[in-house]
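S.K.: Questions regarding the structure given below will be posed in turn.
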Ligand code: MAN
Ligand code: CA
């Protein structure tokens, strides 16, 4: 029993002799056979990594579901829904655009194309200020293109929004009607 001894090598690894005799003298130590242990079980999964970089901006959702009309570097869209002026502004912003605002005849006609498809009117991006009948863009800047219908604007301060008729002419109008949502991007 005494012969069945365990040998400790310099490195401290556990060494077992197959033949107990081999371990009796120190110069026979080198003949000891090292038995590998049984492999350990796998560790637990690691933790989640950091969030990845933000993806690229997608297509405006409204454009995917509606009509798109391109003019110059502007795109006008319409999804067929009708709502009041304030909600139209919010809806277009929600999709990353703004309420359609014609800055010239070409853009005005591009919006007419859209209104004609539905035969409906639309609120556009002009608003009356404190001076009755004096309209400005929504960022407050001065309007430099207009297409008022004959005798419009006539609201005298009561009609603070602008709607476009299907022929492309403009009318000042109360802001709480339901009009076709037309956005620009
Ligand atoms: C209604 C409203 C007005 C518009 C007149 C035109 O009263 O839409 O804004 O000026 O019609 O007749
Ligand atoms: Ca009017």
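Residue numbers (the numbering used here): 52 to 236. C-beta: ideal position from N, C-alpha, C; glycine also. The structure presented is a predicted model; accordingly, all values stated were derived computationally and were not measured.
Ligand 1: which residues have Cβ under 7 angstroms from any of its heavy atoms, chain order?
M.R.: Here the list is 203, 205, 206, 210, 222, 223 and 224.
S.K.: Looking at the strands, I want to know which residues DSSP matches up with residue 162.
M.R.: Position 111 of the chain shown, counted from the first residue, corresponds to residue 162. Residue 162 pairs with nothing; no bridge assigned.
S.K.: From residue 107 to residue 200, what does the alpha carbon distance come to, in whole angstroms?
M.R.: Position 56 of the chain shown, counted from the start, is the residue given in the question as residue 107. Position 149 of the chain shown, counted from the start, is the residue given in the question as residue 200. Distance between the alpha carbons of residue 107 and residue 200 is about 43 angstroms.
S.K.: Taking DSSP's pairing of strands, which residues face residue 174 in a bridge?
M.R.: As a working mapping, residue 174 is identified with position 123 in the chain shown. Per DSSP, 214.
S.K.: When burial is assigned at 16 or more other CB atoms within 10 Å of the CB, is residue 171 buried or exposed?
M.R.: Mapped onto the chain shown, residue 171 falls at position 120. Counting Cβ neighbours within 10 Å, residue 171 comes out buried, since at least 16 surround it.
S.K.: As a quick exercise: from 184, 179 and 149, pick the residue whose alpha carbon is nearest that of residue 125.
M.R.: Counting from 1 along the chain shown, the entry for residue 125 is found at position 74. Closest by alpha carbon: 149.
S.K.: Within 10 Å of its beta-carbon, does residue 221 have 16 or more other beta-carbons around it, so buried, or fewer, so exposed?
M.R.: The residue given as residue 221 occupies position 170 in the chain shown. Per the 10 Å Cβ criterion, buried.
S.K.: At which residue ranges does the stretch 94-160 contain complete beta strand (DSSP E) runs of 3 or more residues, listed in the order of the chain?
M.R.: Those beta strand (DSSP E) runs which fall completely within the stretch 94-160 and span 3+ residues are 118-122 and 125-134.
S.K.: Please say whether residue 158 and residue 230 have beta carbons closer to each other than 7 angstroms?
M.R.: Counting from one through the chain shown, the residue named residue 230 turns up at place 179. Counting from one through the chain shown, the residue named residue 158 turns up at place 107. No, Cβ-Cβ distance for residue 230 and residue 158 is not below 7 angstroms.
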